[in-house]
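Heads up: the sequence shown at position 179 corresponds to 178 in numbering that gives the first Met the number 0, and the numbers run straight through without jumps.
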Amino acid sequence: MDCGCSVPYPGPSLASTCYGGSFIFFMSMLDIMTRNTCDLSEICQRIKPKLQPDLEYDFVVIGGGAAGSVVAGRLSEEPDWKVLLIEAGGDEPSGSQVPSMMSNFIGNPYLDWNYKTEPQEKACLGEKERRCTWPRGKVLGGSGVIHGMMYMRGVPKDYDEWEKMGNPGWGYKQVLQYFKKSEGNQQVGTLVDGGLHGTDGPMVTSRFPDHPEMADDMMKAAEQVGYSVVNDLNEGQHSGFTIAQANIM
């Protein structure tokens, strides 16, 4: 199918993110279909990377994750401003459009910084030196590429701690307005609280229309043993179980 432009899909192939020779042919065929189906790849809407930047810019945004991409996009709405978005990683693989394939990307050095936490006293007891694996996206789209598109903010206490450490304006009440401004939540009033979520931002947020039956079974099991099951862990209850919303950049 002719997409109306000749820009190739730049990210790594599906086959390169799968392990096992028996899958390579099938994944290669699926990759060809994904890359050449315009409704899936939206190849004509992609921005070409600028390998030789200009000498001057009005704004330089470091990091092309969910936050950096939205910030750069909003700034570029002003036609007289020159905006440079810098991302250490490359373009996302075509398979990142399939959330259930996230396990293929975690730990992949092309896509993941492969961070480790400091040694923990009460967590990651089975890990070497008790240091947790901490996946972080080294790719255009950031960690949203490798975590199944789940939309989850930080815990309010962490933002308040940042402010106490000498970073005015980084308390949760201050940053909440920007979370709301960036978010286009499609389930305000039916699933999540409109006081904590925005509806007009560029980052479309919603639960997937379908999920495995096992997810419902897990929610019931968690509730039976006394864990909290909530609609939105971004609200007051920040521990427990939920079927998360997802975001689409």
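Ideal Cβ placement from N, Cα and C applies to all residues, glycine included.
- If only complete runs of 4 or more residues are kept, the segment 97-175 shows the alpha helix (DSSP H) at 155-163, in order along the chain.
- Taking 8 Å as the cut-off, the Cβ atoms of Lys137 and Asp111 count as close.
- In this structure, the beta-carbon distance from Gly63 to Gly140 falls below 8 Å.
- In the assembly as shown, Pro92 is a buried residue. Its beta-carbon has 16 or more other beta-carbons within 10 Å.
- Annotated as distal: Ala245 and Pro155, with beta-carbon spacing of 8 Å or more.
- Comparing C-alpha distances from Thr198 to each of Phe207, Ser181, Glu212 shows the shortest one belongs to Ser181.
- Contact annotation: the segment 205-216 touches the segment 185-195, with at least three C-beta pairs closer than 8 Å.
- Scanning the segment 58-89 for uninterrupted beta strand (DSSP E) segments of 3 residues or longer gives 58-61, 82-85, listed from N- to C-terminal end.
- In the three-state scheme derived from DSSP, where H, G and I count as helix and E and B as strand, Ala245 is classed as strand.
- Residue burial annotation: Met164 is exposed, with fewer than 16 other C-beta atoms found within 10 angstroms of its C-beta.
- The continuous stretches of beta strand (DSSP E) do not include Glu55, and DSSP gives it neither H nor E.
- Glu212 sits in a helix when the DSSP states are folded into three classes.
- With fewer than 16 other Cβ atoms from the protein chains shown falling within 10 Å of its own Cβ, Ser238 counts as exposed.
- Judged by DSSP secondary structure, Val191 falls outside any beta strand (DSSP E); it is assigned neither H nor E.
- Residue pairing by DSSP places Ser205 opposite Ala245 in a beta bridge.
- A straight line joining the alpha-carbon of Gly125 with that of Leu74 spans about 45 Å.
- Residue environment analysis places Phe104 among the buried positions, since at least 16 neighbouring C-beta atoms fall within 10 angstroms of its C-beta.
- In its chain, beyond the 5 residues on either side, Gln236, Gly239, Phe240, Thr241 have a beta carbon closer than 8 Å to the beta carbon of Val229.
- Approximately 11 Å separates the beta-carbon atoms of Pro201 and Val70; this is outside 8 Å, ruling out the contact.
- Counted as a single uninterrupted DSSP element, the beta strand (DSSP E) harbouring Asn184 occupies residues 182-184.
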